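Visitor: There's a structure below that I have some questions on.
Chains as they are written, first to last, in the working numbering: chain A, 1 to 328; chain B, 329 to 628; chain C, 629 to 961.
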């Protein structure tokens with residue numbers, strides 16, 4: 001069952017001198033109870049996509065096209081007032097670096113309670129009680145609601161942020177780089193917590209990160225984004241083991257790891273493009289070893305190539321061979 | 329790139345081209361701000377008046393050319409003062425004094441403040457302590473009484489006014505430069521400079537100063553405003569140089585002649601408006617410059 | 629090439645209001661009794677999480693931070709005993725690449741100025757022409773071509789990867805023997821990382837450089853390193869050839885760390901060793917073995933006595949009271 005459906009989402013940033021085409025024609029679905037990974041490098045549009053879903057774009061950002069269907073309602077058409085009832089109650093977000101965004105002079109319990117009071121008609125006492133039980137849910141002692149942020153370690157503050165995101169029982173949670181700043185050992189614990197919460201509360205999670213190894217270990221499906229477009233989407237095993245898009249393939253094979261063969265990887269040449277003037281045709285073509293005339297002029301269609309596997313690449317010989325299962 | 333830039337950049341000449349480019353980029357951004365352009369126009373207007381004073385002013389500002397307290401007319405555009413001097417000419421020559429004091433005093437203020445701030449911020453330790461305690465002392469002392477006392481002790485004279493203003497004003501710049509220097513000291517590129525083997529002096533000159541400069545420049549504009557107003561205030565209160573027709577001095581004479589009581593508005597309004605306009609001009613420039621130099625203020 | 633012995637870097641801790649009344653000196657023991665050797669032409673990795681002291685160690689080796697005790701022998705001289713002028717001369721031979729490509733180069737200088745600065749400061753290569761040539765050569769080395777085009781650009785006109793190349797070029801321009809790299813690719817995108825790592829490896833081969841590579845990412849360490857020292861709270865926990873240590877770690881901390889590092893392979897199921905708590909602050913170091921409050925195998929002795937850094941096999945060392953217990957275990961992957 002699809003809990004969230006994004007269709008042809010296009011978001012641009014209008015700045016003084018130019019327009020950054022941050023997200024273009026992005027489509028994906030989020031199934032109930034699954035963790036969908038949104039992977040890509042900086043500037044690929046993953047955070048913008050998340051902010052578009054939440055309708056929390058910074059000034060200059062505008063959704064130009066597309067639909068975001070949550071609970072049979074199109075969020076794109078909602079006004080700001082209507083969104084206030086949807087944010088946090090149906091879909092919430094843990095922002096990037098959120099654990100450092102806690103107000104240092106307010107007790108954490110009050111900060112979480114504030115989120116509840118904003119959205120629901122409850123007394124302060126009731127809100128604080130709920131904050132306490134939320135703490136228990138995320139593995140913190142409920143008595144710690146009276147602590148201040150500096151009394152928590154990094155990992156614990158992230159738990160507080162997760163508690164805050166869950167405050168009003170949303171169905172969808174977006175986590176933007178939830179473990180990037182944490183030590184590897186704490187990282188495991190937070191990711192395990194997310195998995196556990198997902199099970200307990202039947203949450204559907206969109207996990208945004210640039211770290212492919214985190215996605216490999218936590219997500220069910222993954223969408224690889226590049227320069228504002230999704231280049232490949234599919235089951236995590238399929239995408240990692242049998243990548244179809246050249247970018248995915250290059251990224252996954254050139255990812256230093258502590259397991260696997262020790263050898264020299266060949267890197268992807270060039271740099272990610274400037275989104276105010278992206279390359280013509282396929283945005284990846286300047287860096288693609290297999291690009292040809294079509295790639296330079298035509299934007300490839302994002303289409304299904306198998307069981308829930310989508311790719312945005314021209315049907316070249318290479319792609320066809322890959323689909324047949326041959327090694328290229 | 330312009331056709332004039334050499335194909336192969338020589339290292340020492342390179343800095344010249346670097347500054348030229350920066351100036352050009354700065355001007356491109358500055359042009360966008362209408363407030364900034366307005367400010368620039370106003371200031372330039374006064375500067376031109378100041379330079380062209382001998383040719384523009386109809387009369388000698390010190391000469392007694394007519395009857396006292398004449399109303400504005402075609403001969404005496406702003407009328408005459410209590411001893412029959414042409415107010416219009418006095419106001420025109422007053423532009424010179426106000427601008428001079430404004431620019432020189434502010435230059436000395438931020439010069440002194442910057443040096444102290446740089447030394448204090450970069451070297452730290454007991455030097456920092458001592459310098460900061462001295463700064464604190466000057467901050468605590470109330471400005472106006474101190475100004476008045478110093479003015480009385482030093483006596484009349486433009487240079488003395490400049491000294492007084494400098495002595496009162498350097499503390500703000502010092503503290504600001506110090507805190508900026510301290511934060512710059514921590515940034516990786518400063519550390520990198522040490523890592524490649526620079527002496528402290530080199531690091532300060534090449535890395536800290538250019539990065540502190542935007543702040544100092546914006547602050548400098550405010551210092552000019554302060555200086556002009558301080559001079560006007562001091563002169564008005566009678567501590568200025570009676571032999572120079574600064575706007576403040578004109579107002580001082582206006583006051584002692586009872587202009588406010590007797591309604592000689594033509595005596596009071598022109599110098600007052602000039603002070604206001606010149607100050608606003610610099611304030612607008614400061615605002616626009618700050619918008620550009622402080623990247624955080626830039627709108628998207 | 630580089631020999632570090634018993635290096636300790638302690639910082640005086642800030643005392644709160646109450647501290648004024650106590651006599652006791654509070655120290656932040658950022659680096660405590662660290663020793664290792666780096667052979668010429670090798671890449672030595674200092675690995676550890678934040679707060680482990682790896683960055684402070686690197687800075688102490690370059691004399692950017694004052695060490696409390698120990699010795700650092702580089703090119704036959706003891707770095708810690710040199711005067712300021714002698715130190716500056718030695719600096720030509722050891723350079724550093726910082727982590728942040730946006731902050732480690734002065735945004736107000738052009739690339740040409742940034743790269744010429746080390747030459748000017750050290751009065752190397754007299755004459756403008758020569759200096760310029762050296763700058764262009766460095767730009768070619770880091771594959772920023774055409775060099776004349778890049779030389780006239782400013783940092784804000786470059787991408788992150790390009791800026792880091794400029795930082796590397798700056799490290800090369802004095803033709804050093806030792807390059808210290810402090811997390812040089814951690815702030816770069818994944819597709820650029822391998823580019824830069826490969827570049828570093830190429831440069832090492834071409835110029836026979838020696839690297840001291842600091843990182844928290846064991847995958848990077850494995851990719852680029854020959855040897856590794858794993859640090860925790862200022863002390864060395866384990867050291868040895870990187871491939872061996874990562875495949876068959878001995879020390880409980882290494883074992884836990886390595887088992888928790890995620891791997892970009894969804895089909896690989898691994899047992900992750902759970903470790904409770906988070907790294908404490910270096911001003912409040914646990915007694916005995918510093919890892920004992922979090923170690924799943926801690927016993928009484930671990931709380932009271934600090935384990936010695938002893939050899940366990942070949943040139944592998946580990947600091948645990950129960951070293952022999954672990955060497956017998958099977959690898960964790």
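All residues carry an ideal CB built from backbone N, CA and C; glycine is no exception. Everything numeric in this text was worked out from a predicted model, so none of it was measured.
Spell out whether any CB of chain A is found under 7 Å from the CB atom of residue 900/C.
Guide: For residue 900/C, the closest Cβ of chain A is nearer than 7 Å.
Visitor: Does residue 951/C have its Cβ less than 7 Å from a Cβ in chain B?
Guide: Using a Cβ-Cβ cut-off of 7 Å, residue 951/C does not count as an interface residue toward chain B, since no Cβ of chain B sits closer than that to its own.
Visitor: Given 8 Å as the limit, is there contact between the region 23-38 of chain A and the region 200-213 of chain A, that is, 3 or more CB pairs closer than that?
Guide: yes
Visitor: Exposed or buried, which one is residue 866/C when buried takes at least 16 other CB atoms within 10 Å?
Guide: buried
Visitor: Between residue 948/C and chain A, is the shortest Cβ-Cβ distance under 7 Å, so that the two count as touching?
Guide: no
Visitor: Tell me, please, whether the CB atom of residue 961/C is closer than 7 Å to any CB atom in chain B?
Guide: With a pLDDT of 49 at residue 961/C, under the threshold of 50, the modelled position of that residue is not reliable, and no figure is offered here.
Visitor: How is residue 944/C classed by DSSP in three states: helix, strand or coil?
Guide: Three-state result, residue 944/C: strand.
Visitor: How big is the Cα-Cα spacing for residue 550/B and residue 423/B?
Guide: 18 Å
Visitor: Assign residue 609/B to one of two classes, buried (16 or more other C-beta atoms within 10 Å of its C-beta) or exposed (fewer than that).
Guide: buried
Visitor: Curious, which full-length alpha helix (DSSP H) runs of at least 4 residues does the region 72-136 of chain A contain?
Guide: Whole alpha helix (DSSP H) segments, 4+ residues: 80-86 and 108-119.
Visitor: Less than 7 Å between CB atoms is the rule here; does residue 746/C satisfy it with respect to chain B?
Guide: yes
Visitor: If you run the structure through DSSP and keep just helix, strand and coil, what is residue 930/C?
Guide: helix
Visitor: For residue 813/C, name the three-state secondary structure that DSSP assigns.
Guide: coil
Visitor: For a cutoff of 7 Å on Cβ pairs, would you count residue 256/A as touching chain C?
Guide: yes
Visitor: Counting Cβ pairs, one atom from each stretch, are 3 or more of them under 8 Å apart for the region 248-261 of chain A and the region 270-281 of chain A?
Guide: When Cβ pairs closer than 8 Å are counted between the two stretches, the region 248-261 of chain A is seen not to touch the region 270-281 of chain A, the count staying below three.
Visitor: When you compare the CB of residue 888/C with every CB in chain A, is at least one pair closer than 7 Å?
Guide: Yes, because at least one Cβ of chain A sits closer than 7 Å to the Cβ of residue 888/C.
Visitor: Tell me whether residue 55/A is buried or exposed, calling it buried when 16 or more other Cβ atoms sit within 10 Å of its Cβ.
Guide: The residue is buried, with at least 16 neighbouring Cβ atoms inside 10 Å.
Visitor: Would DSSP call residue 634/C helix, strand or coil?
Guide: strand
Visitor: Strictly below 7 Å CB to CB, what residues from chain C border residue 519/B?
Guide: 692
Visitor: In chain order, what residues of the same chain have a beta carbon less than 6 Å from the beta carbon of residue 165/A, not counting five sequence neighbours either side?
Guide: 92, 94 and 173
Visitor: Report all residues from its chain with a CB closer than 7 Å to the CB of residue 659/C; omit the five preceding and five following residues, and keep chain order.
Guide: 635, 636, 637, 681, 684, 685, 688 and 862
Visitor: Would you kindly check if the distance between the Cβ of residue 48/A and the Cβ of residue 19/A is under 7 Å?
Guide: no
Visitor: Mind pulling the beta strand (DSSP E) runs of 3 or more residues that sit fully within the region 136-179 of chain A?
Guide: 172-176
Visitor: Run through DSSP, which three-state label would residue 954/C get?
Guide: helix
Visitor: Consider the Cβ of residue 271/A: report whether some Cβ of chain C lies at a distance smaller than 7 Å.
Guide: A Cβ of chain C is located within less than 7 Å of the beta carbon of residue 271/A.
Visitor: Residues in the region 821-839 of chain C with C-beta within 8 Å of chain A's C-beta atoms, listed in sequence order?
Guide: Contact annotation: in the region 821-839 of chain C, residues whose CB is within less than 8 Å of a CB in chain A are 821, 822, 823, 825, 826 and 829.
Visitor: Please identify, using Cβ separations under 9 Å, the residues of the region 127-158 of chain A that lie next to chain C, in order along the chain.
Guide: Listed by position, the residues of the region 127-158 of chain A near chain C (Cβ gap below 9 Å) are 153, 154, 155 and 156.
Visitor: Expressed to the nearest angstrom, what Euclidean distance is found between the alpha-carbon atoms of residue 5/A and residue 240/A?
Guide: 23 Å
Visitor: Residues in the region 504-529 of chain B with C-beta within 8 Å of chain C's C-beta atoms, listed in sequence order?
Guide: 515, 516, 517, 519, 520, 521, 522, 523, 524, 525, 526 and 527
Visitor: Is there a Cβ from chain C that is less than 7 Å from the Cβ of residue 580/B?
Guide: no
Visitor: Go ahead and pull the three-state DSSP assignment for residue 593/B.
Guide: helix
Visitor: Give the residues from the region 666-682 of chain C that approach chain E closer than 8 Å (Cβ to any Cβ), ordered along the chain.
Guide: Going by chain labels, chain E is absent from the structure shown, which instead holds the protein chains A, B and C.
Visitor: Beta carbon of residue 471/B, beta carbon of residue 496/B: below 7 Å?
Guide: Judged by their CB atoms, residue 471/B and residue 496/B are nearer to each other than the 7 Å cut-off.
Visitor: Tell me whether residue 204/A sits in a helix, a strand or coil according to DSSP, three-state version.
Guide: Three-state DSSP puts residue 204/A in a strand.
Visitor: Sort out for me which residues DSSP pairs residue 702/C with in a bridge.
Guide: Residue 702/C has 630/C and 705/C as its beta-bridge partners, per DSSP.
Visitor: Comparing alpha-carbon positions, which option in 784/C, 820/C and 763/C lies nearest residue 802/C?
Guide: Considering only 784/C, 820/C and 763/C, the residue with the shortest C-alpha distance to residue 802/C is 763/C.
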